[in-house]
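Here the structure comes first, spelled out in structure tokens, and everything after it is commentary.
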Amino acid sequence: MPAQRTATPTADTLPRRFADFATLGEALDYAATGQRGLNFHDARGTLSQPYPYATLRRDALAMADRLIAAGVAPADRIALVAETGPEFAALFFGVVYAGAWPVPLPLPTSFGGRDSYIEQLRVQLSSCDPK
10 MPAQRTATPT ADTLPRRFAD FATLGEALDY AATGQRGLNF HDARGTLSQP
60 YPYATLRRDA LAMADRLIAA GVAPADRIAL VAETGPEFAA LFFGVVYAGA
110 WPVPLPLPTS FGGRDSYIEQ LRVQLSSCDP K
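Following the working numbering, the numbering of the sequence shown begins with 10 at its first residue and continues without gaps.
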């Protein structure tokens, strides 16, 4: 039996702030000083991974460094397949910290098959000028 995981807490001594951050990265910087975070669950509703904001911030900053080293520049648009998981969250915020724009794209669906999904992505990507 897998070890019991503990969700990130809802209660926290860090005061909540609402809509007073200049950037999304600044909001994560602040949230990372507290105890809260994201909690990812499997299809049965079982907690699969707690992801404190402090860990998300650390992972996102590391991702930003990799993106910048790979040539991502401020204002670039970066296409991301929008999966529900910590990797997507870290990549999304990594793009933000790199000064670029994350462009989440939908996961493939079974409706219409591969060709339909590729066409859908082609239209979406042509409208956002991704890197």
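Beta carbons are placed, not taken as given, at the ideal position from N, Cα and C, and that holds for glycine.
What's the C-alpha gap between residue i and residue j?
i	j	result
Arg25	Arg123	44 Å
Ala107	Ala82	7 Å
Met10	Gly54	Any answer about Met10 is weak, because its pLDDT of 48 lies below 50 and its placement is not dependable; what the coordinates show is given next. The straight-line gap from Cα to Cα measures roughly 17 Å.
Tyr126	Asp21	42 Å
Pro59	Thr93	13 Å
Thr15	Asp51	14 Å
Leu130	Ala84	21 Å
Quick one: using the 10 Å Cβ neighbour count with 16 as the cut-off for buried, is residue i buried or exposed?
i	result
Val132	exposed
Phe101	buried
Leu37	buried
Val112	buried
Using a threshold of 8 Å, state whether the C-beta atoms of residue i and residue j are closer than that.
i	j	result
Gly46	Leu23	no
Tyr62	Gly34	no
Just to confirm the assignment, what range does the alpha helix (DSSP H) spanning residue i have?
i	result
Gln129	122-137
Val104	95-106
Spatial neighbours of residue i within its chain, please: CB distance less than 7 Å, with the 5 preceding and 5 following residues excluded, ordered by chain position.
i	result
Ala99	Leu65, Asp68, Ala69, Met72
Less than 7 Å separating the Cβ of residue i from some heavy atom of the ligand SAH?
i	result
Ser125	Absence of the ligand SAH from the depicted structure is noted, as is the absence of any ligand whatsoever, leaving it without description.
Near residue i, what residues of its chain come up, given a Cβ to Cβ distance below 8 Å and the 5 sequence neighbours on each side ignored?
i	result
Leu76	Ile87, Gly103, Val104, Ala107, Ala109
On the DSSP letters alone, give me the boundaries of the beta strand (DSSP E) that residue i sits inside.
i	result
Arg86	86-90
Gly34	Premise fails: Gly34 lies in the alpha helix (DSSP H), 33-40, not in any beta strand (DSSP E).
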